[in-house]
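If you number the sequence shown the way the working numbering does, the last residue is 507 and the count never jumps. Working notes, structure below.
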Amino acid sequence: MNDNKRKLVAGQVRRFCARFAQSAGSVLGQVIPSKELLQWVEEEIEDYRERLYGPLQTLTLFIEQVLGADQSCQDAVARGMSARVGLGQAPCSLNSGPYCKARARLSQGLIERLVREVGQRLCAGQAAAWRWHGREVKLIDGTTVTMPDTAENQARFPQIREQKPGLGFPIARLLAIISLSCGAVVEWALGPCEGKRTGETALLWELAHRLRPGDVIVADRYFAGYFLLAWLMRRGVDIVVRQHQLRHTDFRCGQRLGAKDHVVRWMRPQQPTWMDEATYAAMPETLSLREVRVGGLTLVTTLLDAREVSKQELLALYRLRWHVELDLRAIKTVMQMDILRCKSPAMVTKEIAVHLLAYNLVRALMAQAACLGHVLPRQLSFKAALQMIRAFEESLRHAPHGQLATRRAYLLAGIARLRLPHRPGRIEPRAVKRRPKQHFLLTKPRHILRAQLLKQQQAHIAAALR
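See the structure below:
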């Protein structure tokens with residue numbers, strides 16, 4: 042990269058960081074590393090030609106697109122024109138084609154680097170009081186997303202087998218590892234929803250090597266299998282999961298720690314068909330695990346010392362697992378990722394990564410606001426914070442250099458006031474009051490029904506002309 046291009050990209054990096062309220066001296070540190078970002082652009086996009094939509098301009102518009110309420114490419118192009126006019130440059134065309142081609146050229150590696158870096162920097166810089174017993178707790182859960190029904194998407198992410206061809210949509214399974222304290226996505230894995238080795242546990246096997254010694258994992262009963270627990274324990278990770286419904290718990294056995302609280306040894310099951318012999322031989326023959334019955338739940342954990350972690354503390358920690366459900370709902374519903382827009386698997390993967398990057402950037406601002414407001418990040422509303430960021434978008438984009446810090450301070454102060462009400466033990470029915478419109482279900486492929494309607498229309502026209 043020559044000096045002129047380096048200076049140009051350096052200016053784009055500064056504007057990129059300023060757009061998302063990140064600058065030197067930020068609370069919790071600068072989660073978007075300016076120097077590293079400049080280096081990553083050079084590494085991931087070595088010999089790119091400077092165009093109207095350069096890598097960082099395109100990435101900024103892509104993030105604004107998924108954060109926006111409209112989320113169309115036409116809206117992103119209009120934002121790009123607004124940014125150019127604000128910088129005193131000539132306005133660009135409103136044709137969305139060049140922007141779509143620029144998104145396709147974006148490096149997947151650059152986006153994924155940014156997602157992980159923002160999440161890890163946010164976790165590393167957070168206050169010690171936000172952690173559980175001074176340790177980082179990570180929540181694990183999976184979800185699914187659908188996408189346009191194209192042949193490429195169907196080949197990579199096939200629809201469920203129960204649906205007839207042409208009547209369903211490609212569906213992908215997403216597994217996320219999310220920080221309990223700050224809500225950032227630190228890791229994720231994506232795969233099809235149909236076929237062998239496509240479940241949430243299979244995706245977690247891909248991510249297990251990225252977990253760090255000392256982490257505490259909280260997950261539901263689906264992740265309570267022997268081999269997965271053994272693999273995580275080998276990496277120095279502690280686990281708190283709910284007992285699987287098929288496993289019997291007898292508190293008369295094992296080492297008694299208290300009422301409905303004991304340490305038992307699980308025996309290694311037979312070798313599963315999906316596991317090779319070398320991996321199976323490396324698995325321990327027994328596992329020492331603690332089982333507790335508290336609050337109507339049976340929990341399994343590797344935290345064996347009852348004096349260090351009591352039953353009630355385990356219950357309180359497990360109940361915080363529900364935050365991962367709320368986080369995935371925020372990404373899918375509030376940020377509208379439940380139905381993707383891209384028509385190829387490569388762009389689908391990129392679209393999901395940009396959603397996660399945008400989500401982490403919102404979480405970073407929420408964490409900074411929580412630090413200034415002396416509250417916990419989990420006490421702030423994600424949706425209300427996103428609304429504030431949307432409201433301040435133009436103000437931050439066109440802020441003079443001397444006013445950026447002031448406008449950023451107003452944004453953080455506003456987010457710090459958006460506190461959630463305290464609702465302990467809240468219970469709501471999983472039902473909706475408003476009835477959906479009674480549309481007929483599509484029972485045949487759309488092109489067949491469209492041909493039938495056209496045939497009927499032509500018959501009516503012919504009858505009227507007789």
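Where a beta carbon is used, it is the ideal one built from N, C-alpha and C, also for glycine.
CA-to-CA distance, residue j to residue i, given in whole angstroms
i      : j      : result
Leu344 : His303 : 11 Å
Arg491 : Thr191 : 18 Å
Arg458 : Leu421 : 8 Å
Ala117 : Ala394 : 17 Å
Pro310 : Tyr359 : 26 Å
Lys352 : Arg475 : 41 Å
Gln115 : Gln479 : 32 Å
Val54  : Ala440 : 16 Å
Leu552 : Pro74  : Look at the range of the chain in this structure, 42 to 507, and you will see that residue 552 is not part of it.
Arg154 : Arg214 : 21 Å
Arg275 : Leu252 : 11 Å
Gly160 : Cys294 : 42 Å
Arg423 : Arg334 : Strictly speaking, residue 423 in this sequence is Phe, with Arg absent from that position. The alpha-carbon atoms of Phe423 and Arg334 are separated by roughly 33 Å.
Met122 : Leu93  : 10 Å
Gly466 : Ala357 : 11 Å
Candidates the options, of which the one nearest residue i by Cα
i      : options                           : result
Pro206 : Leu483, Arg431, Gln498 and Pro74  : Leu483
Glu392 : Leu147, Gly337, Gly166 and Arg306 : Leu147
Val107 : Ala503, Leu398, Cys412 and Arg487 : Leu398
Glu193 : Asp111, Pro386, Arg334 and Trp272 : Pro386
Gly183 : Arg92, Val156 and Leu367          : Leu367
Val156 : Arg460, Trp229, Arg306 and Ala426 : Trp229
Gln286 : Gln428, Gly240 and Thr339         : Thr339
Gly240 : Gly266, Trp81, Arg176 and Arg251  : Gly266
Pro313 : Glu349, Leu417 and Phe268         : Phe268
Val375 : Ala51, Asn401 and Leu427          : Leu427
Beta-carbon separation (whole angstroms), residue i vs residue j, contact threshold 8 Å
i      : j      : result
Arg448 : Leu437 : 6 Å
Trp362 : Val257 : Residue 362 is actually Arg in this sequence, not Trp. Arg362 to Val257, Cβ: 11 Å. No contact.
Lys179 : Ile219 : 7 Å
Val341 : Gln284 : 5 Å
Leu135 : Ala119 : 7 Å
Ala59  : Leu445 : 6 Å
Ala145 : Met388 : 7 Å
DSSP bridge partner residues for residue i (one or two, in chain order)
i      : result
Asp182 : Ala217
Gln296 : Val304
Gly22  : Residue 22 is absent from the structure shown; the chain starts at 42 and stops at 507.
Asp279 : Val257
Ser329 : Arg306
Val5   : The requested residue 5 is not part of the displayed model; the chain covers only 42 to 507.
Leu39  : Residue 39 is absent from the structure shown; the chain starts at 42 and stops at 507.
Thr374 : Looking at the DSSP assignment, Thr374 forms no beta bridge with any residue, so it has no partner.
Val226 : Ile219
Ile380 : Thr187
Trp173 : Arg176
Residue i beta carbon near the ligand ATP (any heavy atom closer than 6 Å)
i      : result
Lys373 : Absent from the structure shown: the ligand ATP. Ligands present: none.
Checklist entry - Would the region 216 to 227 and the region 394 to 408 be scored as touching if the rule is three or more Cβ pairs under 8 Å? => result In short, these stretches touch, since the Cβ pair count reaches three.
Next on the checklist: Count Cβ pairs between the region 246 to 255 and the region 323 to 330 that sit closer than 8 Å; are there 3 or more?
Outcome noted: Flag = no, the region 246 to 255 and the region 323 to 330 do not touch.
Next on the checklist: Between the region 165 to 184 and the region 133 to 146, can you find at least three pairs of beta-carbon atoms closer than 8 Å?
Outcome noted: Judged by Cβ distances under 8 Å, the region 133 to 146 makes no contact with the region 165 to 184, as fewer than three pairs qualify.
Next on the checklist: Tell me whether the region 125 to 132 and the region 193 to 203 touch, counting them as touching only if at least three CB pairs, one residue from each stretch, are closer than 8 Å.
Outcome noted: Touching, no, given that fewer than three Cβ pairs across the two stretches are closer than 8 Å.
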